[in-house]
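Undergrad: Before anything else, here's the structure in question.
Chains as they are written, first to last, in the working numbering: chain A, 8 to 316; chain B, 698 to 1002.
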């Protein structure tokens, strides 16, 4: 690549080399640039394709009801992901139940109630800062606060609360966007008819923005179930062979199980099934869950767009 | 006197009290984010105090060895920081040029149909869980690189860094595109009016004008790479070595935290507190990067409003 460097030319007089290039070599250069850019785009596309093909090739033969319904095992060919799958589902439900009401309430306050002042600016700054905190730091927070200080131990609820804090900024930001999309005249009309502020929010603004809020929350959830680092720190990395029975029971989750399998040494068994194969199959299950969530989110968005028209 | 009616009525009627309660309740939820930030800072500080009581800050920052699990214990964070920097540098060497290229292409060259095709691909790349990227780095990228790079170990910084670059790419591309989009049309037109070709316009007008926004996206990408955990935990190894050789196993700060928290380290031991000291360092680094990025972004948003 031999693009002209940016710095020195900025102040240079433009007249000298422009006329010559405009029709002549400039045309070829432009074509060259487009070709390189298109190649970059294709490389990104190719990367995604190779990633998916690699995982499908590794994991597909292992997928099946057996794999889905079996408990983890020391033998790769007998191991399954049932506890991890159930654990991830529970985590998702807890995270949704905690982060949805809290996030939407915070968004309503910031969009509808908060006076423009230092407090709301401070809160906003805080939220965007929290969105940039590495997920593993949330793991440390969960470990120190939920696992130790609140004595929840390495339980499902500790994991769910940690994930809730992690996705809360995302839920708040997307909910605010959905609330902002409700035209102001809806509020004015409701207030003019004598409704109080809360009545206006609850009966007019919220119903109109709900599809948008749901879409954002579902996307946040799909991020939560793929998160590994904080859950590895809270959850049990070792051998969990039981399906969680309550909020306080120890748990494992899909990303933990995948990580566990990936980090076992490669050694092919007689059957050719290794823990790597299991990891790839586990990834396929995780990706299928993500795909389902995203499909629901897109379906909701499309339905809402049609209704607004 | 100028307060709206609803406020004046508040407190007098039952409804007013109810409205007031609702508003306070919502406010508490919004303040939860502040509590989370305070919680993070307090947890990291308080839990690393026992560590810094045994190990001086000077040793922590200057000792050149990190061997908390050996008999001969050393607690110098430099090897972990070096590992983090190495992987981040490799990742950004991929993500910055490619991300900027894609951003320029999408905002100035691409036809709408191609835009509509490329955007979702970037979104999918951004949505792939990092544990999946880690698997990809370990089981595909590293073996592929080993075929033509002699001496590349099974765990190495190179494979992890390259895959991390792919992970950070969508972030850099979409934020840079936003920055290019924010440049007013009149600057493009002025550049064309002076006789620039499209490329000259891009490299001499557009990119310099959007530079602070592009820098913001780059710095946010660095912050994301520094805090990224699973790719390095899976594919980069777990040997804290003060080395810039991308072919050998290294350990990053995040990789160390995961390694310790996995292996049931008893609560209250020095090893347990090391992860909070490392976490504190990580938090300070990413916080600073995020803050610089935000300041830069505010600058371009102000400039072109």
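Beta carbons are placed, not taken as given, at the ideal position from N, Cα and C, and that holds for glycine.
Smallest Cα separation from residue 302/A: which of 36/A, 135/A and 221/A?
TA: Within the first chain, numbered from 1, the residue matching residue 302/A stands at position 295. Of 36/A, 135/A and 221/A, the residue nearest in Cα terms is 221/A.
Undergrad: Return the Cβ separation of residue 946/B and residue 850/B in integer angstroms, given the expectation that the two are a contact with Cβ distance under 8 Å.
TA: If you number the second chain from 1, residue 946/B lands on position 249. If you number the second chain from 1, residue 850/B lands on position 153. At roughly 6 Å, the Cβ-Cβ gap stays under 8 Å, so residue 946/B and residue 850/B are in contact.
Undergrad: What is the DSSP secondary structure of residue 29/A, reduced to helix, strand or coil?
TA: In the first chain, counting from the first residue as 1, residue 29/A sits at position 22. Confidence at residue 29/A is low in this model, with a pLDDT of 47, below 50, so its placement is unreliable and the value that follows should be read with caution. It is helical.
Undergrad: Taking only beta-carbon atoms, is residue 995/B less than 8 Å away from chain A?
TA: As a working mapping, residue 995/B is identified with position 298 in the second chain. So, not an interface residue.
Undergrad: Could you work out which residue in 980/B, 1000/B, 750/B and 994/B is closest to residue 735/B when comparing CA atoms only?
TA: As a working note, residue 735/B is residue 38 in the second chain. Of the listed residues, the one whose Cα sits closest to residue 735/B is 980/B.
Undergrad: Got a sec? Which residues, its chain only, sit under 7 Å from residue 804/B by beta carbon, not counting five neighbours each side?
TA: Residue mapping note: residue 804/B aligns to position 107 of the second chain, counting from 1. For residue 804/B, where only same-chain residues beyond five positions count, the Cβ hits under 7 Å are 874, 877 and 878.
Undergrad: Could you give the distance in angstroms between the alpha-carbon of residue 323/A and the alpha-carbon of residue 286/A?
TA: Residue coverage of chain A in this structure runs from 8 to 316, which leaves residue 323/A outside it and unanswerable.
Undergrad: Consult DSSP for residue 154/A and reduce its assignment to one of helix, strand or coil.
TA: Here the question's residue 154/A lines up with position 147 in the first chain. Residue 154/A falls in the helix class under three-state DSSP.
Undergrad: Pull up the DSSP beta-bridge partners for residue 162/A, would you.
TA: Residue numbering aside, residue 162/A sits at position 155 when the first chain is read from its first letter. DSSP, once it has assigned bridges, lists 257/A as partnering residue 162/A.
Undergrad: Between residue 229/A and residue 713/B, what straight-line distance do the alpha-carbon atoms span, to the nearest angstrom?
TA: As a first step, residue 229/A is located in the first chain; it is residue number 222 there, counting from the start. As a first step, residue 713/B is located in the second chain; it is residue number 16 there, counting from the start. Taking the straight line from one Cα to the other gives about 40 Å.
Undergrad: Which word fits residue 183/A, buried or exposed, when buried means at least 16 other C-beta atoms lie within 10 angstroms of its C-beta?
TA: Sequence index remark: in the first chain, residue 183/A carries index 176 (1-based). Residue 183/A is buried by the Cβ-count criterion.
Undergrad: Can you find the residues in the same chain that come closer than 7 Å, C-beta to C-beta, to residue 173/A, ignoring five residues on each side of it along the sequence?
TA: Along the first chain, read from residue 1 onward, the residue named residue 173/A stands at position 166. Taken in chain order, the residues that qualify are 142, 145, 231, 234 and 237.
Undergrad: Which partner residues does residue 763/B have in the DSSP bridge list?
TA: The residue labelled residue 763/B in the question sits at position 66 within the second chain. Answer by DSSP bridge pairing, in chain order: 772/B.
Undergrad: Quick check: what's the CA-CA separation for residue 264/A versus residue 837/B?
TA: Within the first chain, the letter at position 257 stands for residue 264/A. Within the second chain, the letter at position 140 stands for residue 837/B. If you take the alpha carbons of residue 264/A and residue 837/B, they lie about 20 Å apart.
Undergrad: Could you work out which residues of chain B lie near residue 205/A, taking near to mean beta carbons separated by less than 7 Å?
TA: The residue given as residue 205/A occupies position 198 in the first chain. Result: 716 and 719.
Undergrad: Smallest Cα separation from residue 913/B: which of 731/B, 997/B and 950/B?
TA: Position 216 of the second chain holds residue 913/B. If we check each option's Cα against that of residue 913/B, 997/B comes out closest.
Undergrad: In three-state DSSP terms, what is residue 915/B?
TA: As a first step, residue 915/B must be located in the second chain, where it is residue number 218. Residue state, collapsed to three classes: helix.
Undergrad: Relative to the C-alpha of residue 806/B, which candidate in 153/A, 44/A, 129/A and 171/A has its C-alpha closest?
TA: Taking the second chain and counting its residues from 1, the one referred to as residue 806/B is at position 109. Among 153/A, 44/A, 129/A and 171/A, the Cα nearest to that of residue 806/B belongs to 44/A.
Undergrad: Identify whether residue 956/B lies in helix, strand or coil by the three-state DSSP scheme.
TA: Within the second chain, residue 956/B is the residue found at index 259, counting from 1. In the structure shown, residue 956/B sits in a helix (DSSP, three-state: H, G or I).
Undergrad: Chain B beta carbons: is any one of them nearer than 8 Å to that of residue 79/A?
TA: Locating residue 79/A in the first chain gives position 72, where the first residue counts as 1. Residue 79/A does not count as touching chain B.
Undergrad: Which bits of chain B does residue 40/A rub up against, with CB to CB less than 7 Å?
TA: Translated into the one-based positions of the first chain, residue 40/A becomes position 33. Within chain B, the residues near residue 40/A are 896.
Undergrad: Is the stretch 912-926 of chain B touching the stretch 939-954 of chain B, taking contact as three or more C-beta pairs under 8 Å?
TA: Yes, the stretch 912-926 of chain B touches the stretch 939-954 of chain B.
Undergrad: By the criterion of Cβ-Cβ separation under 8 Å, what are the contact partners of residue 68/A in chain B?
TA: In the first chain, residue 68/A corresponds to position 61, counting from 1. Neighbours of residue 68/A on chain B: none; closest Cβ ~15 Å, over 8 Å.
Undergrad: On the premise that residue 771/B lies in contact with residue 781/B, defined as a C-beta separation below 8 Å, what is that separation, rounded to the nearest angstrom?
TA: Here residue 781/B corresponds to residue number 84 of the second chain, with the count starting at 1. Here residue 771/B corresponds to residue number 74 of the second chain, with the count starting at 1. 18 Å between Cβ atoms; not a contact.
Undergrad: Return the residues of the stretch 165-193 of chain A that lie within a Cβ-Cβ distance of less than 8 Å from chain B, sorted by chain order.
TA: Answer set for the stretch 165-193 of chain A: 172, 175, 176 and 179.
Undergrad: Can we say the stretch 848-862 of chain B touches the stretch 879-897 of chain B, given the rule of at least three CB pairs closer than 8 Å?
TA: Short answer: they don't touch.
Undergrad: Can residue 166/A and residue 258/A be called in contact, C-beta distance under 8 Å?
TA: Here residue 166/A corresponds to residue number 159 of the first chain, with the count starting at 1. Here residue 258/A corresponds to residue number 251 of the first chain, with the count starting at 1. Against a cut-off of 8 Å, the Cβ pair of residue 258/A and residue 166/A comes out as a contact.
Undergrad: Taking only beta-carbon atoms, is residue 940/B less than 8 Å away from chain A?
TA: Taking the first residue of the second chain as position 1, residue 940/B is located at position 243. So no, residue 940/B is outside the interface.
Undergrad: By alpha-carbon positions, which one of 866/B, 800/B and 959/B ends up nearest to residue 824/B?
TA: As a position in the second chain, residue 824/B is number 127, starting the count at 1. Among 866/B, 800/B and 959/B, the Cα nearest to that of residue 824/B is on 866/B.
Undergrad: Between residue 94/A and the ligand NAP, is there a pair consisting of the residue's CB and a ligand heavy atom that are separated by less than 7 Å?
TA: Ligands in the displayed structure: none, and consequently the ligand NAP is not present.
Undergrad: Taking Cβ positions, are residue 990/B and residue 137/A nearer each other than 8 Å?
TA: Counting from one through the second chain, the residue named residue 990/B turns up at place 293. Counting from one through the first chain, the residue named residue 137/A turns up at place 130. Going by C-beta atoms, residue 990/B is not nearer than 8 Å to residue 137/A.
Undergrad: Between residue 826/B and the rest of its own chain, which residues show a CB-CB distance below 6 Å, the 5 nearest in sequence each way excluded?
TA: Locating residue 826/B in the second chain gives position 129, where the first residue counts as 1. The answer is none, since no qualifying residue turns up.
Undergrad: Report, in whole angstroms, the separation of the C-beta atoms of residue 973/B and residue 753/B, which I expect to be a contact under 8 Å.
TA: Against the second chain, residue 973/B aligns to sequence position 276. Against the second chain, residue 753/B aligns to sequence position 56. Wrong, their Cβ atoms sit about 16 Å apart, outside the cutoff.
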